[in-house]
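Chain order of the listed sequences is A and B. Take numbering that gives the first Met the number 0: the final residue in the first sequence is number 201, and no numbers are missing along the way. Take numbering that gives the first Met the number 0: the final residue in the second sequence is number 201, and no numbers are missing along the way. Built from N, CA and C at the ideal position, the CB exists for glycine as well.
Protein chains: 2
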Amino acid sequence: MTDPRKATNETEHRQAMQELQAEMRAKMRAAKDKRGLIVVHTGNGKGKTTAAFGMMTRMLAHGGKCVVIQFIKSGSDAVSKLLRGPNLSWHHVGDGFTWETQNREADIASCRSGWNLALDYLRSDDLDFLLLDEINVVLSYDYLPKDEVLAALRAKRADLHVVCTGRGAPAELIELADLVTEMREIKHPFNAGVKAQLGIEY
Amino acid sequence: MTDPRKATNETEHRQAMQELQAEMRAKMRAAKDKRGLIVVHTGNGKGKTTAAFGMMTRMLAHGGKCVVIQFIKSGSDAVSKLLRGPNLSWHHVGDGFTWETQNREADIASCRSGWNLALDYLRSDDLDFLLLDEINVVLSYDYLPKDEVLAALRAKRADLHVVCTGRGAPAELIELADLVTEMREIKHPFNAGVKAQLGIEY
Numbered sequence: 000m001t002d003p004r005k006a007t008n009e010t011e012h013r014q015a016m017q018e019l020q021a022e023m024r025a026k027m028r029a030a031k032d033k034r035g036l037i038v039v040h041t042g043n044g045k046g047k048t049t050a051a052f053g054m055m056t057r058m059l060a061h062g063g064k065c066v067v068i069q070f071i072k073s074g075s076d077a078v079s080k081l082l083r084g085p086n087l088s089w090h091h092v093g094d095g096f097t098w099e100t101q102n103r104e105a106d107i108a109s110c111r112s113g114w115n116l117a118l119d120y121l122r123s124d125d126l127d128f129l130l131l132d133e134i135n136v137v138l139s140y141d142y143l144p145k146d147e148v149l150a151a152l153r154a155k156r157a158d159l160h161v162v163c164t165g166r167g168a169p170a171e172l173i174e175l176a177d178l179v180t181e182m183r184e185i186k187h188p189f190n191a192g193v194k195a196q197l198g199i200e201y
Numbered sequence: 000m001t002d003p004r005k006a007t008n009e010t011e012h013r014q015a016m017q018e019l020q021a022e023m024r025a026k027m028r029a030a031k032d033k034r035g036l037i038v039v040h041t042g043n044g045k046g047k048t049t050a051a052f053g054m055m056t057r058m059l060a061h062g063g064k065c066v067v068i069q070f071i072k073s074g075s076d077a078v079s080k081l082l083r084g085p086n087l088s089w090h091h092v093g094d095g096f097t098w099e100t101q102n103r104e105a106d107i108a109s110c111r112s113g114w115n116l117a118l119d120y121l122r123s124d125d126l127d128f129l130l131l132d133e134i135n136v137v138l139s140y141d142y143l144p145k146d147e148v149l150a151a152l153r154a155k156r157a158d159l160h161v162v163c164t165g166r167g168a169p170a171e172l173i174e175l176a177d178l179v180t181e182m183r184e185i186k187h188p189f190n191a192g193v194k195a196q197l198g199i200e201y
């Protein structure tokens, strides 16, 4: 296909755009399957949880029922207060980052309680969107048995969306997922001595 | 530093975590500068605009004043309805994707009107967060003069956050930005014949 950015005049531009339009429409016609997705946001860059919150905001705007289970982050996120309502349940099960707790057994126990909660929600039949925040980290630390988590996701209701965030998503989860994005850090102000900014990072 | 995931017993785990904690605290002490950031979300993967919406939701939750200028996407996003309020102004200036309009001159004109709007907001003194959605695409098509856009961003108020989204962010914008994340597509359901899902993609 011609790259429209390489067009040097209006005729070439129009032709390139017509080709692009035809290609996009063919893709859209081919894509008919409506189903709940397993979505993974991983990588070392920012935006994994934030993009999941953005998706969830969309789902809430459409009247969908959403649940957040935060496995590691402590404290409460401002987003939980703004989006508060009957369609949103928000659970913090972690006690902070693992380098703050420094207690492997306690971390494992809190992951287990979060996962039991997730299993309850996975069994419910009136949920549209389940966010398992930082579960990729939990799995990469072996704080929950990977096979158990993957089996439960494999058996999920066909129309439920599940979003798994966190660095280091295991290969088996990526294999299982429908939509996987790696947030890759190109530049981070933290490394240049700029502190976390209210409204941007928390 | 020892990798905590490689720890084989509780003592090793605790030691690795103490090292990690010391490293993170040193970084936090070093990071003192409070300032408005230029944030760029680019790459071919999903979550660029969505993560910007997530950030903006945080900012709104903190009572910050936010503006969205959407340069390309047409129609209205469900998020704009859910977050509606006195602290949020939302503008669609584009007529759709460029392969739908197929008219370069009209696209350039709508980009110009969006950019003039952005310039007005950049001059205002009571704004906290400006989202220039898809401006990276606009710049990569040369629909706005790159130098003019970069100069305006360089001259922005020190405490204003500006988020620029879209594929193909120009190198000069990445150079100027404080925080840059590439959303890299690892797997996309569209390519496997799954259509865009309500609440996830729109």
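message = Using C-beta distances below 7 Å, list every residue in its chain close to residue 34 (chain B), excluding the 5 sequence neighbours before and after it, in chain order.
response = Excluding positions up to five away in sequence, the list reads 157, 158.
Span of the alpha helix (DSSP H) around residue 152 (chain B) = 145–153
key: residue 47 (chain A) (DSSP reduced to helix, strand or coil)   = Helix.
key: CB contact check: residue 132 (chain A) to chain B, cutoff 8 Å   = No - not a single Cβ of chain B is within 8 Å of the one on residue 132 (chain A).
request  = Using a Cβ cut-off of 8 Å (strictly closer), state whether residue 50 (chain B) contacts chain A.
outcome  = At a cut-off of 8 Å between C-beta atoms, residue 50 (chain B) counts as an interface residue with respect to chain A.
message = What would DSSP say about residue 186 (chain B), mapped onto helix, strand or coil?
response = In the structure shown, residue 186 (chain B) sits in a strand (DSSP, three-state: E or B).
inquiry  = For residue 211 (chain A) and residue 108 (chain B), I'd like the C-alpha separation in whole angstroms.
reply    = Nothing in the structure corresponds to residue 211 (chain A), since chain A is present only between 0 and 201.
request  = Keeping to the same chain, check which residues put their C-beta closer than 6 Å to that of residue 203 (chain B); ignore five residues upstream and five downstream.
outcome  = Nothing can be reported for residue 203 (chain B): it is not among the residues displayed for chain B, which extend from 0 to 201.
inquiry  = My output table needs one value for residue 79 (chain A): the three-state DSSP class, helix, strand or coil.
reply    = helix
request  = Could you check the C-alpha separation between residue 128 (chain B) and residue 161 (chain B) for me, to the nearest Å?
outcome  = Roughly 6 Å between the two C-alpha positions.
message = Using beta carbons (cut-off 8 Å, strictly below), is residue 182 (chain B) in contact with chain A?
response = Yes - at least one Cβ of chain A is within 8 Å of the one on residue 182 (chain B).
request  = Might you give, ordered along the chain, the residues of its own chain that have their beta carbon closer than 7 Å to the beta carbon of residue 88 (chain A), omitting 5 neighbours on each side?
outcome  = 66
query = So, is the C-beta of residue 57 (chain B) closer than 8 Å to a C-beta in chain A?
reply = Closer than 8 Å to some Cβ of chain A, the Cβ of residue 57 (chain B) qualifies, so yes.
ask   = Can you round the beta-carbon distance between residue 180 (chain B) and residue 45 (chain A) to whole angstroms, since I take them to be within the 8 Å contact cut?
value = 5 Å
ask   = At what residues does the alpha helix (DSSP H) containing residue 107 (chain A) begin and finish?
value = Judged by DSSP secondary structure, residue 107 (chain A) falls within the alpha helix (DSSP H) whose first and last residues are 103–122.
query = Which residues of chain A have a Cβ atom closer than 8 Å to the Cβ of residue 78 (chain B), listed in chain order?
reply = Chain A residues near residue 78 (chain B): 53, 56, 57, 60.
message = Tell me which residue opens and which closes the alpha helix (DSSP H) that residue 136 (chain A) is part of.
response = 134–139
Buried/exposed call for residue 47 (chain B), threshold 16 Cβ in 10 Å = buried
key: Within chain B, the residues that residue 9 (chain A) reaches when beta carbons sit closer than 9 Å   = 102, 103, 104
query = Of all Cβ atoms in chain B, is any one closer than 8 Å to the Cβ of residue 185 (chain A)?
reply = Answer yes: the Cβ-Cβ gap between residue 185 (chain A) and chain B drops below 8 Å somewhere.
task = Sort A:173, A:184, A:197 by Cα distance to residue 186 (chain B) and report the nearest one.
result = A:173
Sheet register partners of residue 160 (chain B) (DSSP bridge) = Partner(s): B:128.
ask   = In the DSSP assignment, what are the bridge partners of residue 91 (chain A)?
value = A:69
task = Return helix, strand or coil for residue 40 (chain B), following the three-state DSSP convention.
result = strand
request  = With DSSP as the reference, label residue 56 (chain B) as helix, strand or coil.
outcome  = helix
query = Exposed or buried, what is residue 62 (chain B) when buried is set at 16 or more other beta-carbons lying within 10 Å of its beta-carbon?
reply = exposed
query = Does the beta carbon of residue 159 (chain B) come closer than 8 Å to any beta carbon on chain A?
reply = Not one chain A Cβ lies under 8 Å of residue 159 (chain B).
query = Can you tell me where the alpha helix (DSSP H) with residue 172 (chain B) in it begins and where it stops?
reply = Looking at the DSSP string, the run of the alpha helix (DSSP H) that includes residue 172 (chain B) is 170–175.
Cβ-Cβ distance between residue 117 (chain A) and residue 131 (chain A) below 8 Å = yes
request  = Report the three-state DSSP secondary structure of residue 30 (chain A) (helix, strand or coil).
outcome  = Here residue 30 (chain A) scores only 49 on pLDDT, less than 50, and its place in the model should not be relied on; the value that follows carries that caveat. Coil, per DSSP.
query = By DSSP, does residue 180 (chain B) sit in helix, in strand, or in coil?
reply = Reduced to three states, the DSSP call for residue 180 (chain B) is strand.
request  = Measure from the C-beta of residue 176 (chain B) to each C-beta in chain A and report whether the shortest distance is under 8 Å.
outcome  = yes
Residue 93 (chain B): contacting residues in chain A (beta-carbon distance under 7 Å) = Simply none; closest approach about 14 Å.
inquiry  = Please report whether the beta-carbon of residue 64 (chain A) lies at a distance below 8 Å from any beta-carbon of chain B.
reply    = So, not an interface residue.
inquiry  = Assuming the contact rule is C-beta atoms closer than 8 Å, residue 145 (chain B) and residue 171 (chain B) should be a hit. Round their C-beta distance to whole Å, please.
reply    = 7 Å
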